[in-house]
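Residue numbers in the sequence shown follow this note's numbering, run continuously in steps of one, and reach 304 at the last position. Note that the Cβ used here is the ideal one computed from N, Cα and C, for glycine as well. Read through the structure below, which is laid out as structure tokens, and then see the notes.
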Amino acid sequence: MNIIEITDLNAPELAVYTRLTESQLRNKLEPEKGIFIAESPKVIGTALDAGCEPLSFLMERRQIEGGAAGVLARCPGAVVYTADRSVLQTLTGYALTRGVLCAMRRPAPRRAEELCRSASRVAVLEGIVDSTNIGAIFRSATALGVDAVLLSPSCCDPLCRRAVRVSMGTVFQVPWATLGDTPADWPEKGMDRLHAMGFKTAAMALDDRAVSIDDPALQAEEKLAIVLGTEGDGLAHSTIARCDYTVMIPMQHGVDSLNVAAAGAVAFWELRKR
31 MNIIEITDLN APELAVYTRL TESQLRNKLE PEKGIFIAES PKVIGTALDA GCEPLSFLME
91 RRQIEGGAAG VLARCPGAVV YTADRSVLQT LTGYALTRGV LCAMRRPAPR RAEELCRSAS
151 RVAVLEGIVD STNIGAIFRS ATALGVDAVL LSPSCCDPLC RRAVRVSMGT VFQVPWATLG
211 DTPADWPEKG MDRLHAMGFK TAAMALDDRA VSIDDPALQA EEKLAIVLGT EGDGLAHSTI
271 ARCDYTVMIP MQHGVDSLNV AAAGAVAFWE LRKR
């Protein structure tokens, strides 16, 4: 291994860990140069399983022959920056990452049509900007058998650092794609693409005309896209109007709705293809 000892975090080669913003890491102008940060040996291992390319590591010395030994063995020749814990703790949030960070090359974007050829259940996310919710939705989607996750162009990046961490690496296990490149591509164009792929669309929304989530007609659909809206306002009226179903989760004790990640988990389980 190429182990480099550091005494502070100001070295230019550490910019990916310390100074670059999420937008700079993503590098929309040159996507092939995009980078994301994976945290903890478990998440890094899952990313490696998915074929992601490691560029460098940043970790405490004790991790080299400790918790990170397994992932390092899979990355011969990788640069490993290492320092005392006291140095690394000046990096915000580092103490929460189990002592290991890895800068990795972003995988090439994929098209929704490619992912959905044999899919029967997909999640569609509209304007969800909270990275914690994105990560939690991906974790539920993976665990509960969703075949793919499709995002409107205004959604949070699933490979931002917090979303990757909250998802526990499941962003690398369920395939995902963006429905368009600009906000103008959603909802009309995106919905047209979903319908062209043979999906019936189910808007998760509060509406007097909504059917209950346990309606047998939903379960009977061969291909169903479960559409979840942004935090607070939920789905846009124009999106709901273009969906084949409006669906609600029955509530008790006067509660009107669930957090979008919780609602997604309920919907993925109830509407799964049996």
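Within the stretch 39-117, the complete beta strand (DSSP E) runs of at least 3 residues fall at 65-69, 83-90, 109-113. S170 and G294 have their C-alpha atoms some 7 Å from each other.
Judged by beta-carbon spacing, V152 lies beyond the 9 Å limit of I65, meaning their Cβ atoms are not closer than that value.
Comparing alpha-carbon positions, the option among C105, L209, K219 lying closest to D79 turns out to be C105. For I74, the closest of A99, L180, G123, S150 by C-alpha to C-alpha distance is A99.
According to DSSP, W299 shares a beta bridge with no other residue. Rounded to whole angstroms, the gap between the alpha carbons of A68 and P84 is 9 Å. DSSP assignment within the stretch 230-267 yields the following whole alpha helix (DSSP H) runs of 4 residues or more, N-terminal first: 246-250. In this structure the stretch 162-177 does not touch the stretch 235-254; the number of beta carbon pairs closer than 8 Å is below three. Pairwise C-beta distances place the stretch 154-170 in contact with the stretch 252-272, as three or more of them are shorter than 8 Å. Distance between V117 and Y124, taken at the CA atoms: about 10 Å. Non-local C-beta neighbours of D211 in its own chain, meaning closer than 8 Å and more than five positions away in sequence, comprise P183, ordered along the chain. Note that the stretch 205-225 touches the stretch 132-147; at least 3 beta-carbon pairs, one per stretch, sit closer than 8 Å. Each of L258, K219, R135 was checked against the Cα of A232, and the nearest Cα belongs to L258. The DSSP assignment places complete alpha helix (DSSP H) segments of no fewer than 4 residues inside the stretch 151-207 at 161-173, 191-196, in order along the chain. With a cut-off of 8 Å on Cβ pairs, the stretch 214-230 is not in contact with the stretch 188-198, counting fewer than three such pairs. Separation of I94 and N57 (C-alpha to C-alpha, rounded to the nearest whole angstrom) is 30 Å. Taking a contact as a CB-CB distance under 8 Å, the pair C185 and P137 does not count as one, their CB atoms being some 17 Å apart. Under the DSSP assignment, A226 falls in the alpha helix (DSSP H) whose first and last residues are 218-226. Counting only the Cα atoms, W216 lies some 23 Å from R239.
In the DSSP assignment, the residues bridged to Y275 are A232.
When secondary structure is reduced to three states using DSSP, V290 falls in the helix class. Counting along the chain, no alpha helix (DSSP H) covers L209, and no H or E run does either. With fewer than 16 other Cβ atoms from the protein chains shown falling within 10 Å of its own Cβ, T37 counts as exposed.
In the structure shown, I34 adopts extended strand secondary structure according to DSSP, grouped into three states. By the criterion of a C-beta distance shorter than 8 Å, T162 is surrounded in its chain by R192, A193, V196, A291, once the five residues flanking it on both sides are discounted. Residues G210 of the same chain have their beta carbon placed closer than 7 Å to that of K219, with the five preceding and five following residues left out of the count.
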